[in-house]
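Written below as structure tokens is the structure these notes are about.
Number of protein chains: 2
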Amino acid sequence: MKLQLQIKMNEGLFLRNPENTELGRNIIKHSIQLIAQYGFEEFTFKKLADDIGTTESGIYRYFENKHLLLIYIIAWYWCWLEYQIIFQTNNIIDPVVKLKKVINLLATTVEDDESTSYVNESLLHQIIISEGSKAYLTKQVAEDNKHQFFKPYKELCAVLGNIILECSPKYKYPRSLATTVIEMAHFQNFFMNNLPSLTDFGHNKNESNIVLFLNDLVFSTIKNA
Amino acid sequence: MKLQLQIKMNEGLFLRNPENTELGRNIIKHSIQLIAQYGFEEFTFKKLADDIGTTESGIYRYFENKHLLLIYIIAWYWCWLEYQIIFQTNNIIDPVVKLKKVINLLATTVEDDESTSYVNESLLHQIIISEGSKAYLTKQVAEDNKHQFFKPYKELCAVLGNIILECSPKYKYPRSLATTVIEMAHFQNFFMNNLPSLTDFGHNKNESNIVLFLNDLVFSTIKNA
DNA sequence: TTATTTATGATAGCGTTACTATCTTTTTAT
DNA sequence: ATAAAAAGATAGTAACGCTATCATAAATAA
């Protein structure tokens, strides 16, 4: 008997819950594969339908458009990651150790989680790096925000911000530092692999360097508060 | 007699140099207005052509596609900003003062520069904030990078990285800190205005807070090296 | 000045994308 | 066994991304 991890998603993101049917789960699974393969701009519902072996209309019964599908899988990732963080930092008393653990989880390639059968977290992590910010860098951001589509991301930032405050109660910018760490965990990774001269890790493309950079950044900053 | 600022752009970005003709300059001017208005996804060459009072084919004679046009105006901005930075930090000896000046320039709304007649820098700054990262967050990033389309951005990062090193010669991550400052100058601005709970400036949406945050971040970090 | 590039305008067309609609068949629940 | 729900099949439409062609106007060279 294996535990299955179920994540309750915002109902406004879909027309029909993809977790409940074979086709729905296939949509999630294959869209993660195809977005990772083609990038979001070149990804279409037609390609997705062909890949699954269904038709476009089948996809549209689950998701209104590809933007909402992107937000869905990204929100799913943030939910899953928050769970990982809560789980893996549970019972750690020292907030500094906790914070280091979180930075590690954010900046290190995730392995596929067996308890989520149709989601490949490793591919999803790649999508977060390359496409993550496209979820909110749009003209509909206010609208999407009203529907609470970014709640999982905000919650994760809040969790991280609180750990920062635990480490350094007087630090004045815990939320902004949290978003900085989260975004930079991904941007430095993207730069390292694609525009290496923008980083200090180009010669030795190793994620552990990003962790070192972020640790130095965060702990120097909050120590100074 | 007024000085006109001319920026020499990478020739691979366009089919015909937009700076040389009335139509070309109109393409730049109106595309800045329309991208700021619609956002990049909803921006099309058809809308641009209608706005100018020309036809799609007219646009295509200058730019292969809207992605290259976006890269063009973004690269233009980085060139212009680097010039501003070089100019405004010239003769400043103290690297700490210099660095503060640069952070200010990065994180503060720019006013329209009179010496560039057909470019509205203020609108362009808004585009950088919302669309800037879409220039490189694509599957063609390697290809585009080979053509040196990101050279202006890289140069700016190098300039900033060198000032950081001047302040703190032993600091180990000058480039990554430079990209962090540049990206966060924009992301914190976007968050402050659109997803305020992700920042510590939601109640008082003032850019000067972002400057304070970035100053604290940078100087704490490099002091610690 | 005429001849000739060069830039622009006008129109057409083609394949794809994003999306809606309808109708049939299959699966599932009662 | 029957009703309801989900999926498959097919069609269609407006917009988008892009190419091609031909005519005309403006700039420039002979």
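If you read the protein sequences in the order shown, they are chains F and D.
Using the working numbering, the first residue of the first sequence is number 1, and each one after it goes up by one.
Using the working numbering, the first residue of the second sequence is number 1001, and each one after it goes up by one.
Cβ atoms here follow ideal geometry from the backbone N, Cα and C, with glycine treated the same way.
A quick note: this is a predicted structure, and the numbers were derived from the prediction, not measured.
#### Entry: Beta-carbon contacts of N1026/D that lie in its chain and below 6 Å, excluding the five residues immediately before and after
I1052
### Task
Indicate whether the contact test is met: 3 or more Cβ pairs, each with one atom in the segment 199-218 of chain F and one in the segment 1163-1181 of chain D, closer than 8 Å.
yes
### Query
Mind checking whether T1109/D and S1122/D have CB atoms under 8 Å apart?
yes
### Query
When you compare each of Y1038/D, N1104/D, P1018/D to V141/F by their alpha carbons, which one comes out closest?
Y1038/D
### Task
Assess, as a yes-or-no matter, whether the segment 32-51 of chain F is touched by the segment 10-18 of chain F under the definition of 3 or more beta carbon pairs within less than 8 Å.
no
### Query
In chain order, what residues of the same chain have a beta carbon less than 6 Å from the beta carbon of Y1077/D, not counting five sequence neighbours either side?
L1124, I1128
### Query
Can you tell which of T138/F, C79/F, N224/F, C167/F has the C-alpha that lies nearest to the C-alpha of I93/F?
C167/F
### Task
Flag this pair as yes or no: are the beta carbons of L15/F and F45/F separated by less than 8 Å?
no
### Query
Apart from the five residues just before and just after Y153/F, which ones in its own chain have a Cβ nearer than 6 Å to its Cβ?
W78
### Task
Taking 8 Å as the threshold, find out whether the segment 1193-1200 of chain D comes into contact with the segment 174-190 of chain F through three or more Cβ pairs.
yes
### Message
In the DSSP assignment, the alpha helix (DSSP H) including N189/F goes from what residue to what residue?
### Response
174-194
### Query
Shorter than 8 Å from the beta carbon of A1142/D to some beta carbon of chain F?
yes
### Message
Buried or exposed for S117/F, going by 16 or more other Cβ atoms inside 10 Å?
### Response
exposed
#### Entry: Listed by chain order, chain D residues near P174/F by CB distance under 8 Å
D1200
### Task
Give, in chain order, every residue of the segment 1038-1052 of chain D whose Cβ lies closer than 8 Å to some Cβ of chain F.
Y1038, G1039, E1041, E1042
#### Entry: Top-ranked residue by Cα proximity to T21/F, from Q188/F, F40/F, I59/F, N204/F
I59/F
### Query
Looking at chain F, which residues of the segment 1115-1147 of chain D have a Cβ within less than 8 Å of any of its Cβ atoms?
S1130, E1131, S1133, K1134, Y1136, L1137, T1138, K1139, V1141, A1142, N1145
### Query
Closest by CA to V119/F, which one among N162/F, K29/F, E155/F?
K29/F
### Query
By a C-beta neighbour count over all protein chains shown, 10 Å radius and 16 as the cutoff for buried, is D144/F buried or exposed?
buried
### Message
With the cut-off set at 8 Å, would you say L1137/D and K134/F are in Cβ contact?
### Response
yes
### Task
Check whether the Cβ atoms of Y100/F and Q88/F lie closer than 8 Å to each other.
Reading the sequence as shown, one finds Lys at residue 100/F and not Tyr. Going by C-beta atoms, K100/F is not nearer than 8 Å to Q88/F.
### Query
Does DSSP put P226/F in a helix, a strand or coil?
With chain F covering only 1 through 225, there is no way to say anything about residue 226/F.
### Query
What is the residue span of the alpha helix (DSSP H) that K1139/D lies within?
Premise fails: K1139/D is in no alpha helix (DSSP H) and is neither H nor E.
### Selected residue, minimal CA-CA separation from M1184/D, among P1169/D, S1130/D, N1224/D, A1158/D
S1130/D
### Task
Spatial neighbours of F1043/D within its chain, please: CB distance less than 6 Å, with the 5 preceding and 5 following residues excluded, ordered by chain position.
L1034, I1035
### Task
Can you give me the Cβ contacts of H24/F inside the same chain, cut-off strictly under 6 Å, excluding the 5 residues immediately before and after it?
Note on residue identity: the sequence assigns Gly, not His, to residue 24/F. Closer than 6 Å at the Cβ level, and outside the excluded window around G24/F, lie P18, Y62.
### Query
Does at least one heavy atom of the ligand PLP sit under 7 Å from the Cβ of E1155/D?
Only the bare structure without any ligand can be found here, which leaves the ligand PLP out of the picture.
### Query
So what does DSSP say about N1026/D, is it helix, strand or coil?
helix
### Message
So, with DSSP's three-state summary, where would you put P1095/D?
### Response
helix
### Query
For N224/F versus S1208/D, is the C-beta spacing smaller than 8 Å?
no
### Query
Which residue's Cα is closest to the Cα of T1191/D: W80/F, C157/F, E82/F?
Going by the sequence as given, residue 1191/D is Phe instead of Thr. Of the candidates W80/F, C157/F, E82/F, the one whose C-alpha sits nearest the C-alpha of F1191/D is C157/F.
### Query
Taking H186/F as the reference, which of Q148/F, G161/F, N104/F has the closest Cα?
N104/F
### Message
Need the endpoints of the alpha helix (DSSP H) that L198/F sits in, please.
### Response
Premise fails: L198/F is in no alpha helix (DSSP H) and is neither H nor E.
### Query
Would you say A23/F faces chain D, with C-beta separation under 8 Å as the test?
Before going on, a small fix: residue 23/F reads as Leu here, not Ala. No, L23/F does not count as interfacial toward chain D.
### Query
Can you list, in chain order, the residues of the segment 58-90 of chain F whose Cβ is nearer than 7 Å to any Cβ on chain D?
none
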